[in-house]
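Numbering (the numbering used here), first residue to last: 2 to 219. Idealized CB from N, CA, C, for every residue including glycine. Okay, so here's the structure we're looking at.
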């Protein structure tokens with residue numbers, strides 16, 4: 002008879018597997034990064050909409066954006082995605098966006114948020130950060146059928162591309178930004194209370210894909 006300390010054995014597609022403490026920690030960091038990013042995004046959104054004419058507030062937005070990027074980076078490092086090339090692509094997107102953000106922030110005398118808003122072409126660089134975030138939303142929509150993830154997947158590129166191309170009025174942009182902040186908060190909260198094993202996924206699939214990649218490299 003199994004004791005309470007014995008690990009639970011799961012039946013995977015390619016064999017049995019167990020969930021380790023390290024697996025659980027990775028999920029906790031993944032979700033923690035999302036919560037941090039969502040909170041920072043919500044605060045920054047509030048500052049932009051209600052204190053947008055205050056230079057001090059805009060500098061605070063830059064700080065919250067930096068923490069947002071940090072939280073997102075942690076999540077992208079810890080997320081469990083079966084397709085390793087896709088996982089690496091999202092990480093590369095994040096890195097490109099962060100580098101572009103740093104270059105824009107240090108290359109303009111204006112606050113970062115004001116620069117991005119005033120010069121839409123900056124989205125061609127900064128937007129890679131949000132492309133990585135959209136990748137997470139898409140993954141969650143497919144894997145867990147989350148309504149908020151399904152809303153966020155098209156909403157984020159719609160707002161960014163709409164601003165880039167100048168096709169949205171300020172009122173519509175503000176409405177989309179508020180919706181983004183709200184649904185992102187719901188998304189992060191629901192991830193925080195979701196059982197951990199589903200976020201770990203089928204470890205037998207990871208093992209199978211890893212063994213296949215090793216055989217191809219021989």
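The three-state secondary structure of residue 195, taken from DSSP, is coil.
Of all alpha-carbon atoms in 88, 196, 102, the one lying nearest the alpha-carbon of residue 122 is that of 102. When 14, 29, 16 are compared, the shortest CA-CA separation from residue 198 is found for 29.
Annotation: the continuous alpha helix (DSSP H) that includes residue 75 extends over 56-79.
DSSP places residue 19 outside any alpha helix (DSSP H); the residue lies instead in the beta strand (DSSP E), whose first and last residues are 16-19. Runs of the alpha helix (DSSP H) spanning 4 or more residues and lying entirely within the region 103-164 occur at 113-119, 124-145, in chain order. Remark: C-beta atoms of residue 39 and residue 186 approach each other more closely than 8 Å.
The three-state reading of DSSP puts residue 92 in helix, counting H, G and I together. The region 42-50 makes contact with the region 170-188; the number of CB pairs closer than 8 Å reaches 3 or more. Rounded to whole angstroms, the separation of the alpha carbons of residue 143 and residue 115 is 35 Å. Between the alpha carbons of residue 130 and residue 96 lies a distance of about 7 Å. About 7 Å separates the beta carbon of residue 105 from that of residue 117, a gap short enough to meet the 8 Å contact definition.
When beta bridges are read from the DSSP output, residue 11 appears opposite 18. Judged by DSSP in its simplified three-state form, residue 170 adopts coil rather than helix or strand. Distance from the CA atom of residue 98 to the CA atom of residue 80, rounded to whole angstroms, is 18 Å. Using a Cβ distance threshold of 8 Å, residue 76 and residue 31 count as a contacting pair.
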